[in-house]
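A quick write-up on the structure given underneath.
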Amino acid sequence: MVGIACCSGKITAPTTPLEGQEESIGNGHKCYVSQPKNATKPGACVILATDIFGYTLVNVRVVADNFAREGYLAVVPDLFKGTEPPPELMNSFKGFTNKNSGVLVKASAVLQLARYVPGFLMRNSIPKGCDIVENVASAVKEKYGVKFIGLQGYCWGGGIAVHLAHKPNVVDAIAVAHPSELKLPVDIEKIQKPAYFACPEHDHAISKTDFDLIKDILSKKINTATTTTGVENKAQWIDGVEHGFATRGNEDDPHVREMRAFVLQEAVAFFDRVGSANKIF
Numbered sequence: 001m002v003g004i005a006c007c008s009g010k011i012t013a014p015t016t017p018l019e020g021q022e023e024s025i026g027n028g029h030k031c032y033v034s035q036p037k038n039a040t041k042p043g044a045c046v047i048l049a050t051d052i053f054g055y056t057l058v059n060v061r062v063v064a065d066n067f068a069r070e071g072y073l074a075v076v077p078d079l080f081k082g083t084e085p086p087p088e089l090m091n092s093f094k095g096f097t098n099k100n101s102g103v104l105v106k107a108s109a110v111l112q113l114a115r116y117v118p119g120f121l122m123r124n125s126i127p128k129g130c131d132i133v134e135n136v137a138s139a140v141k142e143k144y145g146v147k148f149i150g151l152q153g154y155c156w157g158g159g160i161a162v163h164l165a166h167k168p169n170v171v172d173a174i175a176v177a178h179p180s181e182l183k184l185p186v187d188i189e190k191i192q193k194p195a196y197f198a199c200p201e202h203d204h205a206i207s208k209t210d211f212d213l214i215k216d217i218l219s220k221k222i223n224t225a226t227t228t229t230g231v232e233n234k235a236q237w238i239d240g241v242e243h244g245f246a247t248r249g250n251e252d253d254p255h256v257r258e259m260r261a262f263v264l265q266e267a268v269a270f271f272d273r274v275g276s277a278n279k280i281f
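What follows is the structure, given as structure tokens:
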């Protein structure tokens, strides 16, 4: 379930201009699309399923550009159609959790959180998000000649990624960071595709006990996808970071910055292994 910790984080200030552009894909779904910066992985695509702040948040677009620099067509669909909370809600969360905040600041923060989060939950669901990603995945195969799709999910989008990995023909592999909206153990047991999980130490959605369960199930899982590709599932516990670090982590914190880069490269390497095993590139 989405909690107020899903609203934590910081808006990233890009060090270079964004490199992608907005396009309409599939059934008119707005997407941020970043073209691959080299031709090392023809036919390879990463779709990014976002957290509750949606596809317009600069943070996730920076991540998409990073995937594009690794040779992937990177596509970020609009999952929420304008119902996502504004990025400024992160400041409300900061005010709510800051021990030095006064009563008025905390009260204002609570009001802002109450204003946006319930409405978001009323208008959005994991099945709705899955339908959008599935449509976009099908469309990019036709539009761009894509032969391999890795689905990267963050928070809410992590739940979407896991649920789409239950299906045999939507994506080829998933990578998720600080996922939410999961029912354990059933959602992990149903995974049919190679999966990489990055779970932070401080997370309202996935406890250490939950992580150990996820890792155990994935390590024992023998499914058609992993058997065919020869790529083992992978789950990593990331010390010293909190929910949201992979997209909304504080750039001023060297450890958070390092871990965000680390899990991105781990996801790239995981998709590379699956794509190579499938003889895509």
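Going by the UniProt record's numbering, the sequence shown opens with residue 1, and the numbers climb by one from there. Every residue, glycine too, gets a C-beta built ideally from N, C-alpha and C. Here the structure is a predicted model, which is why all the values come from computation and not from measurement.
Query: Coil, strand or helix - Asp239 by DSSP; Result: strand
Query: Own chain partners of Ile25 with C-beta closer than 6 angstroms, once the 5 adjacent residues on each side are dropped; Result: Cys31, Val136, Ala139
Query: Start and end residues, alpha helix (DSSP H) containing Gly158; Result: 156 to 164
Query: CB of Phe271 within 8 angstroms of CB of Gly153, strictly; Result: no
Query: DSSP bridge partner residues for Gln152 (one or two, in chain order); Result: Leu48, Ala175
Query: Closest Cα partner of Val33 within the set Pro42, Val46, Pro185; Result: Val46
Query: Whole-angstrom C-beta distance between Leu73 and Pro17, which should lie under 8 angstroms; Result: That pair is no contact at about 19 angstroms.
Query: Ser34 in three-state terms, based on DSSP; Result: strand
Query: Environment of Phe96 [buried if 16+ CB atoms lie within 10 Å]; Result: At Phe96 the pLDDT is 49, less than 50, meaning the model places this residue with poor confidence; the figure from the coordinates comes in the next sentence. Buried, because 16 or more other Cβ atoms sit within 10 Å of the Cβ of Phe96.
Query: 6 angstroms Cβ shell around Gln236 - same chain, five flanking residues per side excluded; Result: Ala198
Query: Inter-stretch contact at 8 angstroms, needing at least 3 Cβ pairs: the stretch 66 to 86 / the stretch 123 to 136; Result: yes
Query: Neighbour-count burial assignment, Val252, 16 or more Cβ in a 10 Å radius; Result: Reading the sequence as shown, one finds Asp at residue 252 and not Val. Asp252 should be labelled exposed.
Query: Nearest-angstrom beta carbon gap, Val268 and Phe67 [assumed within contact, 8 angstroms]; Result: 7 angstroms
Query: Cβ-Cβ distance between Leu218 and Asn233 below 8 angstroms; Result: yes
Query: Residue nearest to Pro168 in terms of C-alpha spacing, selected from Lys193, Pro179, Lys183; Result: Lys193
Query: Helix, strand or coil at Glu142 [DSSP, three-state]; Result: helix
Query: Outcome for Gln265 when other beta-carbon atoms lying within 10 angstroms are tallied against a minimum of 16; Result: exposed
Query: Residue of Leu89, Lys41, Asn278, Asn59 minimising C-alpha distance to Glu70; Result: Lys41
Query: Burial state of Gln112 (16 or more Cβ within 10 Å); Result: buried
Query: Among Leu57, Lys208, Val62, nearest to Glu19 - alpha-carbon criterion; Result: Val62
Query: Reference Val231; option with closest CA among Gly240, Ile238, Val241, Lys220; Result: Lys220
Query: Ala205 in three-state terms, based on DSSP; Result: coil
Query: Cβ pair Gly157, Ala261 closer than 8 angstroms; Result: no
Query: Cys155 beta carbon less than 8 angstroms from that of Ile52; Result: yes
Query: Start and end residues, alpha helix (DSSP H) containing Ala68; Result: 58 to 69
Query: Delimiting residues of the beta strand (DSSP E) encompassing Ile25; Result: 21 to 25
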